[in-house]
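Take a look at the structure below.
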Amino acid sequence: MAGDLITILFNAMIWAMATFLVASGLTLVFGILHVLNFSHGGFFMIGGYVAYTVLSTFGAEIPLWAYLAAALVASVAMGGTGIAVDTLVFRRLKSVDGVYVLIATYALLLVCDGVVKLIWGLNYLSVSPPRELLDVLFLGGAIMPTFSIFVVVSGVVVFLALDVVINRTSAGRILQVIAVDPWMAGIVGINVSSVYRWTVITGFALAGLAGGLLVANQSLSPDLAGIFILQAFGVVIVGGMGSVRGAFVASIFLGLVEALSATYLPNYPGVLFFATIALVLIVRPEGLLSRQATS
Amino acid sequence: MTGISRRGVIAGLGATTLAAPFINRRAFAQSGDAIRIGVVTALSGPQEFIGNFVLAGCQIAVDQINAAGGVLGRQLALEIRDDRANPAEASAAARELIGLGANLQIGTISSSVALAMGPLMTQEGGVVITCGAGTEKLNHENYNEHVFRPGDGPYMRMRAQARLMAERQPDVTSWTGLVPDHEYGRTTWAVYVDGLLQFYPEIAKADPDILDPIIVPYGAGDYRTFVTQAARSKAQGIYNSTYGGDSVTLFQQAKPFQLFKDRVLMDSANEFIVAGALKGDTPGHWTGIHWYHETNKGNPLSDQLYADYVKKTGNTQPMGWVSEAHAGIYAYAKAIEKSGKSDTDAVIAGLKGLEWDTATGKRLMRAEDNQAIKDVELIYIEAGASGPLGYKVTDYVKVDGNTVIEPPTPGEPMKLRKPS
Numbered sequence: 176m177a178g179d180l181i182t183i184l185f186n187a188m189i190w191a192m193a194t195f196l197v198a199s200g201l202t203l204v205f206g207i208l209h210v211l212n213f214s215h216g217g218f219f220m221i222g223g224y225v226a227y228t229v230l231s232t233f234g235a236e237i238p239l240w241a242y243l244a245a246a247l248v249a250s251v252a253m254g255g256t257g258i259a260v261d262t263l264v265f266r267r268l269k270s271v272d273g274v275y276v277l278i279a280t281y282a283l284l285l286v287c288d289g290v291v292k293l294i295w296g297l298n299y300l301s302v303s304p305p306r307e308l309l310d311v312l313f314l315g316g317a318i319m320p321t322f323s324i325f326v327v328v329s330g331v332v333v334f335l336a337l338d339v340v341i342n343r344t345s346a347g348r349i350l351q352v353i354a355v356d357p358w359m360a361g362i363v364g365i366n367v368s369s370v371y372r373w374t375v376i377t378g379f380a381l382a383g384l385a386g387g388l389l390v391a392n393q394s395l396s397p398d399l400a401g402i403f404i405l406q407a408f409g410v411v412i413v414g415g416m417g418s419v420r421g422a423f424v425a426s427i428f429l430g431l432v433e434a435l436s437a438t439y440l441p442n443y444p445g446v447l448f449f450a451t452i453a454l455v456l457i458v459r460p461e462g463l464l465s466r467q468a469t470s
Numbered sequence: 005m006t007g008i009s010r011r012g013v014i015a016g017l018g019a020t021t022l023a024a025p026f027i028n029r030r031a032f033a034q035s036g037d038a039i040r041i042g043v044v045t046a047l048s049g050p051q052e053f054i055g056n057f058v059l060a061g062c063q064i065a066v067d068q069i070n071a072a073g074g075v076l077g078r079q080l081a082l083e084i085r086d087d088r089a090n091p092a093e094a095s096a097a098a099r100e101l102i103g104l105g106a107n108l109q110i111g112t113i114s115s116s117v118a119l120a121m122g123p124l125m126t127q128e129g130g131v132v133i134t135c136g137a138g139t140e141k142l143n144h145e146n147y148n149e150h151v152f153r154p155g156d157g158p159y160m161r162m163r164a165q166a167r168l169m170a171e172r173q174p175d176v177t178s179w180t181g182l183v184p185d186h187e188y189g190r191t192t193w194a195v196y197v198d199g200l201l202q203f204y205p206e207i208a209k210a211d212p213d214i215l216d217p218i219i220v221p222y223g224a225g226d227y228r229t230f231v232t233q234a235a236r237s238k239a240q241g242i243y244n245s246t247y248g249g250d251s252v253t254l255f256q257q258a259k260p261f262q263l264f265k266d267r268v269l270m271d272s273a274n275e276f277i278v279a280g281a282l283k284g285d286t287p288g289h290w291t292g293i294h295w296y297h298e299t300n301k302g303n304p305l306s307d308q309l310y311a312d313y314v315k316k317t318g319n320t321q322p323m324g325w326v327s328e329a330h331a332g333i334y335a336y337a338k339a340i341e342k343s344g345k346s347d348t349d350a351v352i353a354g355l356k357g358l359e360w361d362t363a364t365g366k367r368l369m370r371a372e373d374n375q376a377i378k379d380v381e382l383i384y385i386e387a388g389a390s391g392p393l394g395y396k397v398t399d400y401v402k403v404d405g406n407t408v409i410e411p412p413t414p415g416e417p418m419k420l421r422k423p424s
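Protein chains in written order, with the numbering used here: chain A, 176 to 470; chain B, 5 to 424.
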């Protein structure tokens, strides 16, 4: 019984932190720029492929430092891509209706899909976890792979870093000001345009980092963009659009829902997940922790 | 930026959907005298990976037939369209091609597309040969005389797999399944169970213990909860009918749990997909395959298909869908020769009861339900090759299709044994 409970909690945390890693950049960009970036999953996917390319030079046994370095390379590569996307796409969409933004970011997703097919092809690919993370730990009858623990720790570290930056630094306070009233922020001398750019860079870098950190967690294919993005959108909506803390809390909440559902309603996978999202939207449409509440 | 309204979102998605059929169309040149064959297959979208094998198989077959003088003195020409594995897009493309004179069509991979083709072909006066569409309804509830399946149906494939296990693993009597949460996934498990219930008592002289299958979501990023359930099960054998990237992710996440270490793993249809991705991490497993060139070495059609495929693509590990499309084009050619004409009624008459040579040996297109009888091919893959593949095929078998196929019952649902 204790083993069952630990297994459920552990599986919930893995789901939660993997999803949070993907959702963090999505919610950051939405919170500041109010852009619902459909293409976020695409850049997460390319981040994974970039890390795969770096790691394929190490053969079957990958050292942990190389794994982390590959995730960093993916993050930097996607951050750089964010500059291009901001210049070519986001800045041109500032004064148009939101639907055009949706179409533009959906088009970007198709571009990501094409880039992956062009460079890496259609074959399914995979990466082994780093050699230091191939073991398992046993806790009260529960089996805990060390790579899964790594995913959980990565999610927590990324959350803490973002939370500290947003809530404990002057840069974070500027971000919060712009999120609430960019016009007034401009009046008082804040370079809003520059903050927007750095937000996009950070959001894209987080997508790349997630791709790199999770590259050994699942298969790589052009379908990858869609696999996490649906649950990431769920987390962002339930947490409160634009709230990093909300996304973190929501990912744990929905992770628990998902793990309990898989354990006790095994014949109806996913049903409880979507029912919970619907229920939260009815009862608390602003999400568990709206941006106003967290700021 | 202005706000995002719900109406705006719906309008945007609607516009995108409407624009989709006009993307990704390709046409190949053809001569006026040529017999046109429409290839409607997935060249983008979730089944693009398979669609490329189908297209290559069609092109190789047409090149081979044309180089040998064509059919009744006429060349074959392909008209190619992308269906994105979407019934609506496939229907639009199929109608357009029939309008262009390509009444003979091939390439359907998706079951939902295959089921949509029957009424359409009846209405428009065409005929279609599927290339891997797995639904059993094709030759049962939704049987339509305009749709032909030249490959093994799920009844044959899964029962052949169960038969092999009864022969090779008579002591492995307790089974569970990793079954994707869609109708076809549940059907594959039900048919496999039917095979276990027939062949274990007959061959292994043992009653199988059928455990509840583990239903897994389609297209998920995390399967650990389901892996945990399977690892705790007392099953000695696991039947996997998850597919593609889902299987790769599931197998990858199952490794630390040693789920497959002391269990027999029978995989429904991943061919080389899982092994190609996991390489040296591939767990030993049996898998169904439409065609494996080593199994068919010495068959001139197989040897030539393999040589032409490698020359065309540079890929030395083709998937079996190449051969399904290749066999389909040859079926058309033989049916036209048999009936002397290429109009729809003549070709349907020619296909029914047709016996023809393919890369996997002789096949018979059963006249009653348009289902081919062919040998079912299974291979055993495990890690350990020293080359870039990282895996190797260490065993392969053919199961006589006649021993595992159901009697023809077009229009009626499949009848299966159930565990007591």
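Glycine included, every Cβ here is placed at the ideal spot set by N, Cα and C.
With the cut-off set at 9 Å, would you say residue i and residue j are in Cβ contact?
i	j	result
residue 426(A)	residue 414(A)	yes
residue 4(B)	residue 234(B)	The shown model of chain B, from 5 to 424, leaves out residue 4(B), and the question about it has no answer.
residue 218(A)	residue 383(A)	yes
residue 111(B)	residue 45(B)	yes
residue 203(B)	residue 297(A)	no
residue 259(A)	residue 268(A)	no
residue 330(B)	residue 309(B)	yes
residue 274(B)	residue 237(B)	no
residue 167(B)	residue 408(B)	yes
residue 305(A)	residue 239(A)	yes
residue 325(B)	residue 113(B)	yes
residue 330(A)	residue 340(A)	no
residue 195(A)	residue 333(A)	yes
residue 1(B)	residue 292(B)	Here chain B has residues from 5 to 424 only, and residue 1(B) is not among them.
residue 243(A)	residue 377(A)	no
residue 283(B)	residue 201(B)	no
Please go through the same chain and pick out, in chain order, the residues whose beta-carbon is closer than 7 Å to the beta-carbon of residue i, but skip the five residues on each side of it.
i	result
residue 337(A)	199, 419
residue 22(B)	Any reading at residue 22(B) needs caution, since the residue's pLDDT is 48, under 50, leaving its predicted position unreliable; the model's value is listed next. Same-chain partners within the cutoff: there are none.
residue 432(A)	447, 448, 451
residue 332(B)	110, 133, 135, 154
Who are the Cβ neighbours of residue i in its own chain at under 6 Å, not counting the five residues just before and after it?
i	result
residue 230(B)	218, 220
residue 288(B)	386
residue 415(B)	147
residue 288(A)	397
residue 241(A)	233
To which residues does DSSP link residue i through a beta bridge?
i	result
residue 366(B)	361(B)
residue 179(B)	214(B), 241(B)
residue 376(B)	369(B)
residue 132(B)	109(B), 151(B)
residue 320(A)	311(A)
residue 45(B)	86(B)
residue 395(B)	387(B)
residue 39(B)	80(B)
residue 300(A)	395(A)
Cutting at 8 Å between CB atoms, please list the residues of its own chain near residue i, excluding the five before and the five after it.
i	result
residue 205(A)	211, 212, 411, 416, 417
residue 34(B)	A caution first: residue 34(B) carries a pLDDT of 39, below 50, which makes its placement in the model unreliable, though a value can still be read off. So the list reads 40, 81, 82, 83, once near-sequence residues are dropped.
residue 316(B)	60, 63, 64
residue 30(B)	Per-residue confidence for residue 30(B) stands at a pLDDT of 36, beneath the threshold of 50, marking its modelled position as unreliable; no derived number is given.
residue 347(B)	107
residue 323(A)	185, 189
residue 367(A)	353, 357, 360, 361
*Would you call the region 75-88 of chain B and the region 348-358 of chain B touching, i.e. three or more CB-CB distances under 8 Å?*
no
_Can you confirm whether the region 36-48 of chain B touches the region 99-119 of chain B when touching is taken to mean that 3 or more C-beta pairs between the two stretches lie within less than 8 Å?_
yes
_the region 192-208 of chain B touching the region 238-246 of chain B, judged by at least three CB pairs closer than 8 Å_ = yes
*3-residue-minimum beta strand (DSSP E) runs that sit fully inside the region 246-318 of chain B, ordered along the chain*: Taking 3 residues as the shortest admissible run, the region 246-318 of chain B contains the following complete beta strand (DSSP E) segments, listed from N- to C-terminal end: 268-271, 289-293.
*Is the region 147-154 of chain B in contact with the region 369-380 of chain B, if contact means three or more CB pairs nearer than 8 Å?*
yes
*Is the region 127-137 of chain B touching the region 375-383 of chain B, taking contact as three or more C-beta pairs under 8 Å?*
no
*Write down every uninterrupted run of the alpha helix (DSSP H) in the region 376-424 of chain A whose length is 4 residues or greater and which is fully enclosed by it, in chain order.*
399-414
*asked:* With three or more beta-carbon pairs closer than 8 Å as the criterion, would you say the region 84-91 of chain B touches the region 113-121 of chain B?
replied: Result yes; three or more Cβ-Cβ pairs closer than 8 Å.
*Per the contact definition of three or more C-beta pairs closer than 8 Å, is the region 135-147 of chain B in contact with the region 334-347 of chain B?*
no
_Tell me whether the region 249-267 of chain B and the region 221-228 of chain A touch, counting them as touching only if at least three CB pairs, one residue from each stretch, are closer than 8 Å._
no
*asked:* Assess contact between the region 372-392 of chain A and the region 241-259 of chain A, defined as three or more Cβ pairs (one per stretch) separated by less than 8 Å. Is contact present?
replied: Contact between the region 372-392 of chain A and the region 241-259 of chain A is established, with three or more Cβ pairs separated by less than 8 Å.
_Continuous alpha helix (DSSP H) assignments of at least 4 residues falling wholly in the region 192-257 of chain A_ = 215-230
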